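Counting from 1, position 47 in the sequence shown corresponds to residue 48 in our numbering; the numbering is continuous, with no gaps. Even for Gly, the Cβ is constructed at its ideal location relative to N, Cα and C. On a predicted model such as this, the values are computed, not experimentally measured, just so you know. The structure appears right after this line, and notes come after that.
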Amino acid sequence: MKYIITFFLIGAVSLFPQELKQNSKKESKFLEIKVNNPELQIEVDALKKQYELELNEMKAAFKESKKSLRKSYRLKLKELRKRYKKKKNK
Numbered sequence: 002m003k004y005i006i007t008f009f010l011i012g013a014v015s016l017f018p019q020e021l022k023q024n025s026k027k028e029s030k031f032l033e034i035k036v037n038n039p040e041l042q043i044e045v046d047a048l049k050k051q052y053e054l055e056l057n058e059m060k061a062a063f064k065e066s067k068k069s070l071r072k073s074y075r076l077k078l079k080e081l082r083k084r085y086k087k088k089k090n091k
């Protein structure tokens, strides 16, 4: 029984990262079109590049804001611990 559960967990864990990787490709898949008109194809390709650049900038900005928020809450937690420690010592 133990081996069956272990085998199932290993299988499930190995499948989930593959799904996450596939979902990231779907973000810009709507811009992956091919047309017969070369001028239009150039514009579509440029639009796709612009979209990917803006998306990466948004992700970087979100990551940075998340990092700063985390840092501020760590400082608040540190102050709270100090305050509690002072009250405990009195």
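Exercise. How is the alpha helix (DSSP H) around Leu70 delimited, first residue to last?
Worked result: Within the sequence shown, numbered from 1, the residue matching residue 70 stands at position 69. Per DSSP, Leu70 belongs to the alpha helix (DSSP H) from 39-90.
Exercise. For Ser29, does the three-state DSSP call read helix, strand or coil?
Worked result: The residue labelled residue 29 in the question sits at position 28 within the sequence shown. Reduced to three states, the DSSP call for Ser29 is coil.
Exercise. Taking one C-beta from the stretch 48-59 and one from the stretch 29-38 each time, how about it: are there three or more such pairs within less than 8 Å?
Worked result: yes
Problem set entry | Cα-Cα separation, Phe17 to Gln42 | Here residue 17 is taken as the residue at index 16 of the sequence shown, counted from 1. Here residue 42 is taken as the residue at index 41 of the sequence shown, counted from 1. Straight-line Cα distance between these residues: approximately 35 Å.
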